[in-house]
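Numbering (UniProt numbering), first residue to last: 1 to 165.
This is the structure:
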């Protein structure tokens, strides 16, 4: 049979179990742990309150940022429409925001491009075949009996699908 007795020499209430005059174990009452946990919880709540007041003060001291519109150069614009007109470098700059005169690499790239014609003043698109009307289209078709790629014809003559027999 077990006998239990309270030990008063420890600061927290404990129960000592003895069996046949021999020590069997100690049971610490849960009240000690509950009090200890309550103290930790109170300290945690105080710390949370201090953090909350600090963050509130920081948020109050920061003013809301004023809206500033983006600069015009950073606004995304759609690409300019394709054109077959001859354009000067100034007109290209106004349409595409690319300064060809001050950027030698772009100027040389355009001038040496096989699809671009440069007459010394203006740049224009140069198609594979120079077609102006339906008669030239028929002549070109007869000239190549093995056939011509439709994409090349569309590139040269936009109304090719309407004018083909």
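By construction, the Cβ of each residue, glycine as well, lies at the ideal position given by its N, Cα and C atoms.
Looking at the DSSP output, residue 116 sits in a beta bridge with 125.
A contact is defined here as three or more CB-CB pairs under 8 Å, and the stretch 109 to 122 meets this definition with respect to the stretch 82 to 95. In the structure shown, residue 87 adopts extended strand secondary structure according to DSSP, grouped into three states. Take residue 152, set aside five residues on each side of it, and the residues of its chain with a beta-carbon closer than 7 Å to its own are 128, 129, in chain order.
One thing to note: residue 86 has its Cβ no nearer than 9 Å to the Cβ of residue 142.
Approximately 5 Å separates the beta-carbon atoms of residue 156 and residue 131; this is inside 8 Å, confirming the contact. When DSSP assignments are scanned along the UniProt domain "TFA2 Winged helix" (132 to 164), the uninterrupted stretches of alpha helix (DSSP H) that are 4 or more residues long and fall wholly within it turn out to be 134 to 143, 150 to 156, 160 to 163.
The beta carbon of residue 125 is closer than 7 Å to those of 84, 115, 116 in its chain, skipping five residues each way along the sequence.
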